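K.L.:
So the protein sequences, as listed, match chains A and B.
1 is the number of the first residue of the first sequence in my numbering; add one for each residue after it.
1001 is the number of the first residue of the second sequence in my numbering; add one for each residue after it.
Glycine included, each C-beta is placed from N, C-alpha and C at the ideal position.
Owing to the predicted nature of the structure, the values given are computational and were not obtained by experimental measurement.
My structure is below; once you've seen it, I'll send some questions.
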Amino acid sequence: MSFNSTLAFGIAALLCCSDSATAAEFGRQATAEEIKAWNIDVAPDGTGLPDGHGDVARGRQVFEDNCSACHGAKGEGGIADRLAGGRGSLTTDHPVKTVGSFWPYATTLFDYVRRAMPYPAPQTLSDDDTYAVVAYILNLNDIVPADAVLDRSSLPRVKMPNRDGFVPDREFSVITNSRQHQGRKP
Amino acid sequence: MRSPAQNGGRRLTRRGLLGGAASLAGAAAGGSVKADSLLDVPPRGPGAPLSATSERSRYVHQARIPESTPGMRPVDPSVAINSKAPIDKLVGSITPTDLHYERSHSGVPDIDPAQHRLLVHGMVKQQLVFSMDDLRAMPTLSRVAFLECTGNGWENWKTASPDVTVQNTHGLISTNEWTGVPLSYVIDVIGVDPRSTWMLAEGGDGSAVARSIPLTDEIIAEGILAYGQNGEPLRPAHGFPLRLFLPGFEGNLNIKWLRRLKFGDRPFMTRWETARYTQLQADGHARQFQLRQDVNSVITSPSGMMQIRPGYNRITGLAWSGHGRIDRVEISTDGAKTWREAQLAGPVLPKAQTRFQADWVWDGKPTKIVSRSTDDKKQVQPDRAAFIARTGTNALFHYNAQQTWAIDQDGKVRNVLQ
């Protein structure tokens, strides 16, 4: 441990705790490389999206190779969820919740495909292929055109049809806690 | 507190008690011969040798049922998405560990605790990696609390299958003692930025389930990084070696196989809090971050597919609330026309299942029985009509309407909407 990080630990210990224990007694510092490898979430503003890009045509091939066995050739569903269609069904007695009819953020689709798919071998698609298959699924839903190319700059700008379809529960729409007042002079 | 006999309004005969007890399908495991005379009871003799672990009696048969989405049964275990606890056969308020309901999104990973790590990062002073040894060296606490899948009760949103049991309708809830490190301790130790209001918790399963946790005072104070369950390390199905446990909050937030906590100042909008566990209302909008499990109860005996006889019947069931402690449970034996208070059998713990019971003498005429609970925050379990009027029938999750069981002239108990 470097002198600087030791010093940082000491300052953290002084600042943080009502308890006698300090961070220095438990665990170790995460390296930048470790955080990069595990920090896989993608936010609606695009934070967390990697370099790379993919288009609809490549995405069709990725989908056929990795996804269609469970989700159907055109995302119509099978042993796993239907991915396309269902627009206009949310107020009927049989709502069809798909990427196109329900998901509010295109970034969430990238996040989910990257972390969880394909089911038998998650986190094995390249970033380019993840962008591509996301483009293909969005195209199946008529959300992006057939010649669309998605990357870290264009994906967050995709407006999902049901973007405004969610109402946060009143209890958790604004989060406050007594920690927010710590360190402020009374 | 009144005794069950006093609650029934009359003194009970021995004959009535025996008839009633035999009729409760959940009370007796079936097949055993009743000794009518003490002289018929088998003689004593040497028993089995001591053993490393205790097995259930060979006369007791109870197991979870692997199931899928509403109305789909029977389900091949290989395609099941949850496994329901046999709450019709359980007694008291604690669920045996091996019968605790189970839900996972990509199977149960086989994790060596020596290789398991928890990364804490984001809006913190120190980005740290903890081993299980680190976590077990920290201060610890234990808490008895329920855990409930947000899909519990989802069989009855649109229709009521008459041939289901209470295990089918309400088996996605269990109560255990959970042991681990207080979330508040970890937050203090790592020096979370006071401006952080949301925490992403992520699992080590194949789908890397991840949820945004609002950092309210309640969640900070009550959250546990749990490594123990009913006095032993977590079972793999329940998150071994480490899970998040948030008393009173929907099951999916209680991330199993926990390996990452990331602190931020807004929700992360994962698939599970947008596309999945949001509640579609009748107007087409979806309620998001409806995270608390509402006040609920169900009569577990007599319940679906049981058979009762006229005369004395003991009604028993379970009540719970993510708001706090169960204050009272009322039961109706005339289809919600009149209500009387049931006895809480105790212990009555906040955010834990509470056993209730009441005496009932059935006159042999078709009727319906219902329970409704009220918690210490004055939340009252809604009747189905009011609940559906408010929510519609498309929400899928967070169903907590009163459960009605219909009893026909033959004493058969069936699931009905109301």
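1) Locate the alpha helix (DSSP H) running through residue 1184 of chain B, then write down its first and last residues.
2) Would you list, in sequence order, the uninterrupted beta strand (DSSP E) runs of no fewer than 3 residues that lie entirely inside the stretch 74-153 of chain A?
3) Secondary structure at residue 1142 of chain B, three-state DSSP: helix, strand or coil?
4) Which residue marks the beginning of the alpha helix (DSSP H) containing residue 66 of chain A, and which one marks its end?
5) Could you check whether the Cβ of residue 999 of chain B sits closer than 8 Å to any Cβ belonging to chain A?
6) Check each candidate in B:1062, B:1202 and B:1128 and name the one with the smallest Cα separation from residue 33 of chain A.
7) For residue 1169 of chain B, is the classification buried or exposed, using 16 other Cβ atoms within 10 angstroms of its Cβ as the cut-off for buried?
8) I need the DSSP call for residue 1074 of chain B, collapsed to helix, strand or coil.
9) Between residue 178 of chain A and chain B, is any beta-carbon pair separated by less than 8 Å?
10) I need the straight-line Cα distance from residue 1071 of chain B to residue 1155 of chain B, nearest angstrom please.
11) Specify the secondary structure class of residue 1415 of chain B as computed by DSSP and reduced to three states.
12) On the three-pair Cβ rule with 8 Å, is the stretch 154-169 of chain A touching the stretch 89-105 of chain A?
13) How is the beta strand (DSSP E) around residue 1121 of chain B delimited, first residue to last?
14) If you measure between the beta carbons of residue 1201 of chain B and residue 1244 of chain B, is that distance less than 8 Å?
15) Would you say the beta carbon of residue 141 of chain A comes nearer than 7 Å to a heavy atom of the ligand GDP?
16) For residue 144 of chain A, which residues in the same chain have their Cβ closer than 8 Å to its Cβ, ignoring the five residues on either side in sequence?
17) Please list the partners that residue 63 of chain A has in chain B, where partner means a Cβ-to-Cβ separation under 9 Å.
18) Would residue 1366 of chain B and residue 1402 of chain B be called neighbours here (beta carbons separated by less than 8 Å)?
19) 8 Å is my cut-off, CB to CB: does residue 33 of chain A come that close to chain B?
20) Does the beta carbon of residue 1129 of chain B sit closer than 8 Å to a beta carbon anywhere in chain A?
21) What does residue 28 of chain A touch in chain B if you count any residue whose Cβ is under 8 Å from its own?
22) By DSSP, does residue 1026 of chain B sit in helix, in strand, or in coil?
23) What is the residue span of the alpha helix (DSSP H) that residue 1108 of chain B lies within?
24) Confirm, please, whether the CB-CB distance from residue 1285 of chain B to residue 99 of chain A is below 8 Å.
25) Starting from the C-beta of residue 86 of chain A, find all residues in its chain whose C-beta is less than 6 Å away, skip the five residues before and the five after it, and write them out in chain order.
26) Among B:1074, B:1417, B:1211 and B:1342, which residue has its Cα nearest to the Cα of residue 1271 of chain B?
P.N.:
In this structure, then:
1) Per DSSP, residue 1184 of chain B is one residue of the alpha helix (DSSP H) stretching across 1183-1190.
2) 149-151
3) strand
4) Looking at the DSSP string, the run of the alpha helix (DSSP H) that includes residue 66 of chain A is 56-66.
5) Nothing can be reported for residue 999 of chain B: it is not among the residues displayed for chain B, which extend from 1001 to 1418.
6) B:1128
7) buried
8) coil
9) yes
10) 6 Å
11) Under the three-state reduction of DSSP output, residue 1415 of chain B falls in the strand class.
12) These segments touch.
13) Per DSSP, the unbroken beta strand (DSSP E) holding residue 1121 of chain B starts and ends at 1117-1122.
14) yes
15) Only the bare structure without any ligand can be found here, which leaves the ligand GDP out of the picture.
16) 56, 135, 138, 150 and 158
17) Per Cβ cutoff of 9 Å: no residues; residue 63 of chain A is ~18 Å from chain B at best.
18) no
19) no
20) yes
21) 1128 and 1129
22) Because the pLDDT of residue 1026 of chain B is 40, which lies under 50, any placement of that residue in the model is unreliable, and the number read from its coordinates should be weighed accordingly. Coil at residue 1026 of chain B, not helix or strand.
23) From DSSP, residue 1108 of chain B is part of no alpha helix (DSSP H); its letter is neither H nor E.
24) If you check the CB distance, residue 99 of chain A and residue 1285 of chain B do not come in under 8 Å.
25) 96, 98 and 101
26) B:1211
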